[in-house]
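Student:
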Amino acid sequence: MSIEEGKETTAFIRPAVQSSRPFPLRLLQFFVLFLVLGIAFSVLSMYYFGVKNVVTNARINFQPCFEEPITLEHWIKPPNKLMHKMSDKELFWRASFVPRVKKYPFKRVPKVAFMFLTRGPLPFAPLWERFLKGNEGLYSIYIHSLPTYHDNFLQSSVFYKKQIPSQVTEWGKMSLCDAERRLLANALLDISNERFVLVSESCIPLYNFSIIYQYLMRSMYSFIGAFDDPGPYGRGRYNEKMAPEVNITQWRKASQWFEVNRKVAVNIVEDTKFYPKFEEFCRPACYVDEHYFPTMLTIQAGHLLANRTITWVDWSRGGAHPATFGKTDITEAFVKRMLEGHNCLYNNQPTPVCFLFARKFAPSALGPLLEFADNFGY
Ligand SMILES: *[C@@H]1O[C@H](CO)[C@@H](O)[C@H](O)[C@H]1NC(C)=O
Ligand SMILES: *[C@@H]1O[C@H](CO)[C@@H](O)[C@H](O)[C@H]1NC(C)=O
Ligand SMILES: *[C@@H]1O[C@H](CO)[C@@H](O)[C@H](O)[C@H]1NC(C)=O
43 MSIEEGKETT AFIRPAVQSS RPFPLRLLQF FVLFLVLGIA FSVLSMYYFG
93 VKNVVTNARI NFQPCFEEPI TLEHWIKPPN KLMHKMSDKE LFWRASFVPR
143 VKKYPFKRVP KVAFMFLTRG PLPFAPLWER FLKGNEGLYS IYIHSLPTYH
193 DNFLQSSVFY KKQIPSQVTE WGKMSLCDAE RRLLANALLD ISNERFVLVS
243 ESCIPLYNFS IIYQYLMRSM YSFIGAFDDP GPYGRGRYNE KMAPEVNITQ
293 WRKASQWFEV NRKVAVNIVE DTKFYPKFEE FCRPACYVDE HYFPTMLTIQ
343 AGHLLANRTI TWVDWSRGGA HPATFGKTDI TEAFVKRMLE GHNCLYNNQP
393 TPVCFLFARK FAPSALGPLL EFADNFGY
């Protein structure tokens, strides 16, 4: 039917055209001129007034056509800036995300996250630079300092723009544990981070990177020096109001300088059960940074703890603080003392390699320590 109608229409028009008189040339010229002027005017007015709107509208209307499809990359690439506007609450929530499928659908190269808990400058930065050199892609760095402190590392430094959003901390108080959790949470945002080492500005590595990397990656345990101290500075600090969440047989003490794997890091960041108990009932003279993590983890993940530290420190001089070593202390005999004569268990086997890091050093020790860097193998 429609084909027939079409035919008829054509048949109807053709005779009309044929029958019309030839168009006057003058009139045609006039129309062409008018057309050209009209086009020119509309093009000009579009450029002067309309283009911006037209383009913007086009962008809004057609956005879906240009949007890149979401790839796996979108979910696994770490944030490209460490500074963010998340509150601790928001950050800890985000950092506690854990994949349920255990096998990664991509080649994941596990990294060591070095988390620097500092007040300001890093006097041993040159030593760390030397230690880390050539191992890009196998480590990450996070720095928690006083919120008012802004470091000025050059772009070529491994420490360039590694500060995380920080808050004031007081030694022996919960704000110190908060800072440590903040470091862990920021480091957890990078899915490649597998081992998390807490270090201070007075801390140095005792072996080269490959030895430390292998040691941590192959360890079945996390290194927290948790122990049960029956004395006044151990169980003596326990408060019965912490029960039933914490009972005195579970009460532990440890130095705050820990090394944990990803699973244990999540345990620390996700905790809302023990935190309020420690915050309320462990205040000076109960130094919460010595008890909260070791006690909580002994209860939650005791079988994952090596119950020893990998950070060497010297208590032999006695007193409330460990010895700090300066320029004149750094001798060959001293370096030997840090590296040799130890005995401990690694994956349940005896080993003489017990300490991977050492503290505490005064800034004056940098020069002599750099000279001994060969002894440390870096
Ligand atoms: C690290 O130190 C070990 C032992 O000292 C050595 O065998 C190894 O070659 C060193 N690795 C690098 C990359 O320097
Ligand atoms: C603490 O826990 C242990 C082991 O679960 C239990 O044997 C002990 O009775 C508890 N002690 C107290 C005071 O509740
Ligand atoms: C560390 O201590 C916990 C309990 O306090 C225990 O379950 C765990 O087996 C210990 N770790 C090692 C490596 O012995």
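In the working numbering, each number is its position in the sequence shown, counted from 1, plus 42. For each residue, glycine too, the CB sits at the ideal point set by N, CA and C. From a predicted model like this one, the values you see are computed outputs, not experimental measurements.
Cα-Cα, which of V151, G368 and H186 is closest to G179?
Tutor: The residue given as residue 179 occupies position 137 in the sequence shown. Taking only the C-alpha atoms, the option nearest G179 is V151.
Student: With a threshold of 16 other CB atoms inside 10 Å of the CB of M181, please say whether the residue is buried or exposed.
Tutor: As a working mapping, residue 181 is identified with position 139 in the sequence shown. Note on residue identity: the sequence assigns Tyr, not Met, to residue 181. Looking at its Cβ environment, which holds 16 or more other Cβ atoms inside 10 Å, Y181 is buried.
Student: At the level of alpha carbons, what is the spacing between I254 and E109?
Tutor: Counted from its first residue, the sequence shown places residue 254 at position 212. Counted from its first residue, the sequence shown places residue 109 at position 67. In a straight line, the C-alpha of I254 is about 43 Å away from that of E109.
Student: Whole angstroms is fine: what's the gap from T160's alpha carbon to D371's?
Tutor: Numbered from 1 along the sequence shown, position 118 holds the residue referred to as residue 160. Numbered from 1 along the sequence shown, position 329 holds the residue referred to as residue 371. For T160 and D371, the distance between alpha carbons rounds to 23 Å.
Student: Measure the beta-carbon distance from D331 to L218 and round it to whole angstroms, keeping in mind my assumption that it falls under 8 Å.
Tutor: Indexing the sequence shown from 1 puts residue 331 at position 289. Indexing the sequence shown from 1 puts residue 218 at position 176. Correct: roughly 5 Å between the Cβ atoms.
Student: Shortest alpha-carbon distance to Y420 belongs to which of S252, C245, A227 and Q209?
Tutor: Here residue 420 refers to the residue found at position 378 when the sequence shown is read from its first residue. Of the listed residues, the one whose Cα sits closest to Y420 is S252.
Student: To the nearest whole angstrom, what separates the beta carbons of T337 and R294, a pair I think is in contact under 8 Å?
Tutor: Here residue 337 corresponds to residue number 295 of the sequence shown, with the count starting at 1. Here residue 294 corresponds to residue number 252 of the sequence shown, with the count starting at 1. T337 to R294, Cβ: 5 Å. Contact.
Student: Out of curiosity, what's the CA-to-CA distance linking N250 and A343?
Tutor: Within the sequence shown, numbered from 1, the residue matching residue 250 stands at position 208. Within the sequence shown, numbered from 1, the residue matching residue 343 stands at position 301. Distance between the alpha carbons of N250 and A343: 30 Å.
Student: Cβ-heavy atom distance between G179 and ligand 4 below 7 Å?
Tutor: Annotation note on ligand 4: not contained in the displayed structure, which lists ligand 1, ligand 2 and ligand 3 as its ligands.
Student: So, is K319 buried or exposed, given that buried needs 16 or more other C-beta atoms within 10 angstroms?
Tutor: Locating residue 319 in the sequence shown gives position 277, where the first residue counts as 1. Buried, by the Cβ-count rule.
Student: Could you name the residues, in chain order, whose CB is less than 6 Å away from a heavy atom belonging to ligand 1?
Tutor: N250, S252, I253 and G419
Student: What whole-angstrom Cβ distance do N194 and E236 have, given they're in contact under 8 Å?
Tutor: Along the sequence shown, one-based indexing puts residue 194 at 152. Along the sequence shown, one-based indexing puts residue 236 at 194. About 31 Å; that fails the 8 Å criterion.
Student: Starting from the N-terminal end, write out each residue whose C-beta falls within a distance shorter than 6 Å of any non-hydrogen atom of ligand 3.
Tutor: Listed by chain position, these are Y263, T340, G344, H345, L347, A348 and N349.
Student: What is the DSSP secondary structure of Q197, reduced to helix, strand or coil?
Tutor: What you label residue 197 is simply residue 155 of the sequence shown in a count that begins at 1. DSSP places Q197 in coil when its eight states are reduced to three.
Student: Relative to the C-alpha of N177, which candidate in K153, Y275 and T366 has its C-alpha closest?
Tutor: If you number the sequence shown from 1, residue 177 lands on position 135. Per the Cα distances, K153.
Student: If you run the structure through DSSP and keep just helix, strand and coil, what is I112?
Tutor: Taking the first residue of the sequence shown as 1, we reach residue 112 at position 70. Under the three-state reduction of DSSP, I112 is assigned to coil, being neither helix nor strand.
Student: In this structure, does DSSP put S261 in helix, strand or coil?
Tutor: Along the sequence shown, read from residue 1 onward, the residue named residue 261 stands at position 219. Three-state DSSP puts S261 in coil, outside helix and strand.
Student: Which same chain residues end up closer than 8 Å to F335 when comparing Cβ atoms and leaving out the 5 residues on each side of it in sequence?
Tutor: As a working note, residue 335 is residue 293 in the sequence shown. Here the set comprises C219, E222, I266, A296, Q298, F300 and I310.
Student: Are the stretch 198-208 and the stretch 119-132 in contact at 8 Å, needing three or more beta carbon pairs?
Tutor: yes
Student: Return the chain-ordered ranges of every alpha helix (DSSP H) run that is complete within the stretch 130-211 and spans a minimum of 4 residues.
Tutor: 130-137 and 167-174
Student: To the nearest whole angstrom, what separates the beta carbons of T120 and L248, a pair I think is in contact under 8 Å?
Tutor: Here residue 120 is taken as the residue at index 78 of the sequence shown, counted from 1. Here residue 248 is taken as the residue at index 206 of the sequence shown, counted from 1. First, the amino acid is wrong: residue 120 is Pro here, not Thr. At roughly 28 Å, the Cβ-Cβ gap does not stay under 8 Å, so P120 and L248 are not in contact.
Student: Given 8 Å as the limit, is there contact between the stretch 186-202 and the stretch 270-281, that is, 3 or more CB pairs closer than that?
Tutor: no
Student: Measure how close the beta-carbons of F399 and I246 come, nearest whole angstrom, since I'm counting them as under 8 Å.
Tutor: Looking up residue 399 in the sequence shown gives position 357. Looking up residue 246 in the sequence shown gives position 204. Their Cβ separation, rounded to whole angstroms, is 7 Å, which keeps F399 and I246 in contact under 8 Å.
Student: By the three-class DSSP mapping on this structure, what secondary structure does A252 have?
Tutor: Your numbering for residue 252 matches position 210 in the sequence shown. According to the sequence as given, residue 252 is Ser; it is not Ala. Helix at S252.
Student: Rounded to whole angstroms, how far is the Cβ of E212 from the Cβ of P163, which I believe are closer than 8 Å?
Tutor: Within the sequence shown, residue 212 is the residue found at index 170, counting from 1. Within the sequence shown, residue 163 is the residue found at index 121, counting from 1. Separation of the CB atoms of E212 and P163 is rounded to 20 Å, and the pair is thereby denied contact status at 8 Å.
Student: Which stretch, first to last residue, makes up the alpha helix (DSSP H) that contains Y334?
Tutor: Locating residue 334 in the sequence shown gives position 292, counting from the first residue. Residues Y334 to A343.
Student: Since E222 is in the alpha helix (DSSP H), which residue starts that stretch and which ends it?
Tutor: Within the sequence shown, residue 222 is the residue found at index 180, counting from 1. DSSP places E222 inside the alpha helix (DSSP H), whose first and last residues are M216 to L230.
Student: Going by beta-carbon coordinates alone, are F158 and Y191 separated by less than 8 Å?
Tutor: Counting from 1 along the sequence shown, the entry for residue 158 is found at position 116. Counting from 1 along the sequence shown, the entry for residue 191 is found at position 149. For F158 and Y191, no; Cβs fall outside 8 Å.
Student: Going by CA-CA distance only, name the one from L188, P141 and R224 that's closest to M128.
Tutor: Here residue 128 refers to the residue found at position 86 of the sequence shown. The option with the nearest alpha carbon to M128 is R224.
Student: Reducing DSSP to helix, strand and coil, say where F238 ends up.
Tutor: As a working mapping, residue 238 is identified with position 196 in the sequence shown. The answer is strand: DSSP assigns F238 an E or B state.
Student: Do you know how far the Cα of G361 is from the Cα of V140?
Tutor: Along the sequence shown, one-based indexing puts residue 140 at 98. Along the sequence shown, one-based indexing puts residue 361 at 319. Rounded to whole angstroms, V140 to G361 spans 43 Å at the Cα level.
Student: Would you give the residue range spanned by the beta strand (DSSP E) that P318 belongs to?
Tutor: By one-based count along the sequence shown, residue 318 stands at place 276. Counting along the chain, P318 sits inside no beta strand (DSSP E); it lies in the alpha helix (DSSP H) bounded by residues Y317 to F323.
Student: Going by DSSP, name the residue or residues bridged to K295.
Tutor: Residue numbering aside, residue 295 sits at position 253 when the sequence shown is read from its first letter. Partner(s): F269.
Student: When the Cα of G409 is compared with those of P392, T373, E382 and R379, which residue comes out closest?
Tutor: For this step, residue 409 is matched to residue 367 along the sequence shown. Residue nearest to G409 within the set P392, T373, E382 and R379 is T373 (criterion: CA-CA distance).
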